[in-house]
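Oh and the sequence shown: position 199 is 199 in UniProt numbering, straight run, nothing missing.
We put the CB at the ideal spot given by N, CA and C, even for glycine.
None of these values were measured; they are calculated from a predicted model.
Working notes, beginning with the structure itself.
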Amino acid sequence: MTLLADIDFRRYWLSRMVSVTGSLVTYVVLPVLIYSVTRSSLWTALVVVAEGLPYLCFGLFAGALADRLDRRRVMVTADLVNAVVLGSIPVAYAFGVLTAPHVLVVAFLTQIFFVFFDAANFGALPALVGRARIAAANSAVHGGGTVLELIVPGIAGVLLTLVAPGPLLVIDAVSFVVSALLVRAIAAPLQVGVSGPSPGLFRDIREGVVFLSRQPIVRTQTIVGCLQSMTGGAFMGQFVPWLDQTLGVRPTNDARLGVLYGVWGAGGIVAALIFPRLARRLGEPRVTLWVLPLSALFGLACGLATSWVVAAVLLALWAIVYSVVILTAITLRQRVTPDRLQSRVNTAGRMLSFGVGWPVGALIGGVVSDATSPRTAIVATAAMSGIGVFVAWFSPLRRLAGEPIPDAEDVGTPADGGAADRAREETDRVGA
1 MTLLADIDFR RYWLSRMVSV TGSLVTYVVL PVLIYSVTRS SLWTALVVVA
51 EGLPYLCFGL FAGALADRLD RRRVMVTADL VNAVVLGSIP VAYAFGVLTA
101 PHVLVVAFLT QIFFVFFDAA NFGALPALVG RARIAAANSA VHGGGTVLEL
151 IVPGIAGVLL TLVAPGPLLV IDAVSFVVSA LLVRAIAAPL QVGVSGPSPG
201 LFRDIREGVV FLSRQPIVRT QTIVGCLQSM TGGAFMGQFV PWLDQTLGVR
251 PTNDARLGVL YGVWGAGGIV AALIFPRLAR RLGEPRVTLW VLPLSALFGL
301 ACGLATSWVV AAVLLALWAI VYSVVILTAI TLRQRVTPDR LQSRVNTAGR
351 MLSFGVGWPV GALIGGVVSD ATSPRTAIVA TAAMSGIGVF VAWFSPLRRL
401 AGEPIPDAED VGTPADGGAA DRAREETDRV GA
């Protein structure tokens, strides 16, 4: 059965698209909202920090818990709670009591529940479509999302010329409710049953960490992703101040804001279209080695741009290579990780990327920007992606380039003593 003929995948895909639509509105509006209230580069960066810290604080726990609980229930509950939390901003705005700390608290709380949703979601997709269709499924989800990234930010930018930022967050609150209903309607199981006794929660966590640290592909992609996320966090933390102070694009009443958000989506569409072909022709390790240097180069060039038109072109090019790197990392992790470890391994990886790299980069960028300028902050942190290039080229990825990558069933069965079993043996040796 093709993906498009699978009604459960269509429901899953539609839930993601609805949620992405709402999240993209928040993605544009939230930094504009806090920058409009404070006019501070540091406060704007703190929103990005608040959004990243939940991965660090709760990532491992969420991953282990999502592998033990019903993934569907976790996803639905997280969506509904986030609808309530995010909806508090329009209510506070309507009563004239909205403050910058309130915005930061909401950013932090919504990301806590998104971490749990994300942990369950990472394991749910391979269980829903099967490993043979993971690359196509990821491309379909990412491709649909990037089409929305092309359209929605521009619409959000136009809406910001007509409506105040606070009330626009109602859109995201409603999208969470719709997403929950669609996930609830999926009939197929979102996890593969596993035999054997379930170990303790902390042993579950340890097993996922051991697998991540010992599996060479996952380990390398995690290190590279963490360094790249530092650049991404710094850039997104300074995006609105950079547009305002360097390129003259105002945070409100300026349609160019939506255009510059939208061109990132245009590049993402190209990435989604070319990624499956690149992965089949070159193999995921080689794609990482070749595309990662381009990501570092275009990130640096964006920071140096002085014209909003030039910046738009560079953003589109950066989005292509940046998105390909992300798709490659996600696909490799899902392919080589056994189903019983999917949520905790993927969440552990994202914890390091988005719980450490993203907020650390945003905080560094905010401090440097406050002391100098947003451009200096972006250029300085772009060098961190360059370090990731060297890590990748002197890692096992270079040796594996051109070789077939075995799926989890090949590397994790008891018969071959694969990585998953070595992880379990290590946790047994360490003890509970």
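Element boundaries [alpha helix (DSSP H), containing residue 232]: 216-245 is the span of the alpha helix (DSSP H), which, as asked, contains residue 232.
Nearest-angstrom beta carbon gap, residue 355 and residue 52 [assumed within contact, 8 Å]: Between residue 355 and residue 52 the Cβ distance is about 6 Å, and since that is below 8 Å, they are a contact.
Burial state of residue 343, where buried means 16 or more other Cβ atoms lie within 10 Å: A residue is called buried when at least 16 other Cβ atoms come within 10 angstroms of its Cβ; residue 343 meets this threshold and is buried.
Three or more C-beta pairs below 8 Å linking the segment 387-401 and the segment 234-252: Result no; under three Cβ-Cβ pairs closer than 8 Å.
Residue range of the unbroken alpha helix (DSSP H) whose run includes residue 326: Run containing residue 326: 308-336, per the alpha helix (DSSP H) assignment.
Closest residue to residue 393 among 108, 293, 337 and 102 (Cα-Cα distance): Here the closest residue by C-alpha is 293.
Spatial distance of residue 325 from residue 144 (CA atoms): One C-alpha to the other measures close to 17 Å.
Per-residue DSSP class, three states only, for residue 394: Looking at residue 394 - three-state DSSP - the assignment turns out to be coil, as it is neither helix nor strand.
Euclidean distance between Cα positions of residue 277 and residue 48: Whole-angstrom Cα-Cα distance: 33 Å.
Within 8 Å, strictly: CB atoms of residue 360 and residue 44: No, these two residues do not count as a Cβ contact at 8 Å.
Counted within 10 angstroms of its Cβ, other Cβ atoms place residue 7 as buried (16 or more) or exposed: With fewer than 16 other Cβ atoms within 10 Å, it is exposed.
Segment contact, 8 Å Cβ cut-off, at least three pairs: the segment 107-120 with the segment 84-91: Here the segment 107-120 lies against the segment 84-91, with 3 or more beta-carbon pairs under 8 Å apart.
Burial state of residue 260 (16 or more Cβ within 10 Å): Burial is judged here by how many other beta carbons sit within 10 angstroms of a residue's own beta carbon; residue 260 has at least 16 and is buried.
Simplified DSSP assignment, three categories, for residue 39: Coil at residue 39, not helix or strand.
Burial state of residue 130 (16 or more Cβ within 10 Å): With fewer than 16 other Cβ atoms from the protein chains shown falling within 10 Å of its own Cβ, residue 130 counts as exposed.
Backbone CA spacing between residue 165 and residue 33 [nearest angstrom]: Taking the Cα positions, residue 165 is about 6 Å away from residue 33.
Residue 251, DSSP secondary structure in three states: Coil, per DSSP.
DSSP-derived helix/strand/coil call for residue 10: In the structure shown, residue 10 sits in a helix (DSSP, three-state: H, G or I).
Beta-carbon separation (whole angstroms), residue 323 vs residue 268, contact threshold 8 Å: Residue 323 to residue 268, Cβ: 5 Å. Contact.
The segment 149-158 contacting the segment 55-65, beta-carbon criterion three pairs below 8 Å: With a cut-off of 8 Å, the segment 55-65 and the segment 149-158 do not count as touching, because too few Cβ pairs lie within range.
Beta-carbon proximity of residue 136 to residue 125, cut-off 8 Å: Not in contact: residue 136 and residue 125 (Cβ atoms no closer than 8 Å).
Where the alpha helix (DSSP H) containing residue 75 begins and where it ends: In the DSSP annotation of this structure, the continuous segment of the alpha helix (DSSP H) that includes residue 75 starts and ends at 71-94.
Through-space distance from residue 364 to residue 382, alpha-carbon basis: So the alpha carbons of these two residues sit roughly 12 Å apart.
Residue burial classification, residue 206 (beta-carbon count within 10 angstroms, cutoff 16): By the neighbour-count rule (16 or more Cβ atoms within 10 Å), residue 206 is buried.
Local conformation of residue 373 per DSSP, three classes: Residue state for residue 373 is assigned as coil, using DSSP reduced to three classes.
Where residue 101 falls, given that 16 or more other Cβ within 10 Å makes a residue buried: Under this definition residue 101 is an exposed residue.
Classification of residue 243 by the beta-carbon crowding that lies within 10 angstroms, buried from 16 upward: By the neighbour-count rule (16 or more Cβ atoms within 10 Å), residue 243 is buried.
Beta-carbon proximity of residue 22 to residue 151, cut-off 8 Å: Taking 8 Å as the Cβ cut-off, residue 22 and residue 151 do not qualify as a contacting pair.
Element boundaries [alpha helix (DSSP H), containing residue 118]: Taken as a continuous stretch (DSSP letters only), the alpha helix (DSSP H) holding residue 118 covers 100-129.
Three-state secondary structure (DSSP) of residue 189: Here residue 189 sits in coil by DSSP.
Helix, strand or coil at residue 63 [DSSP, three-state]: Looking at residue 63 - three-state DSSP - the assignment turns out to be helix.
Cβ neighbours of residue 445 in the same chain (closer than 6 Å, five flanking residues each side left out): In the structure displayed, the chain extends from 1 to 432; residue 445 sits before or after that span and is not available.
Alpha-carbon to alpha-carbon, residue 330 and residue 4: Going by the C-alpha atoms only, they are around 21 Å apart.
Buried or exposed (CB count within 10 angstroms, at least 16 for buried), residue 304: Label assigned to residue 304: exposed.
Anticipated Cβ contact below 8 Å, residue 182 with residue 14, distance rounded: Right, their Cβ atoms sit about 6 Å apart.
Other residues of its chain near residue 347: CB distance less than 6 Å, five sequence neighbours each side excluded: So the qualifying residues of the chain are 59, 62, 63 and 119.
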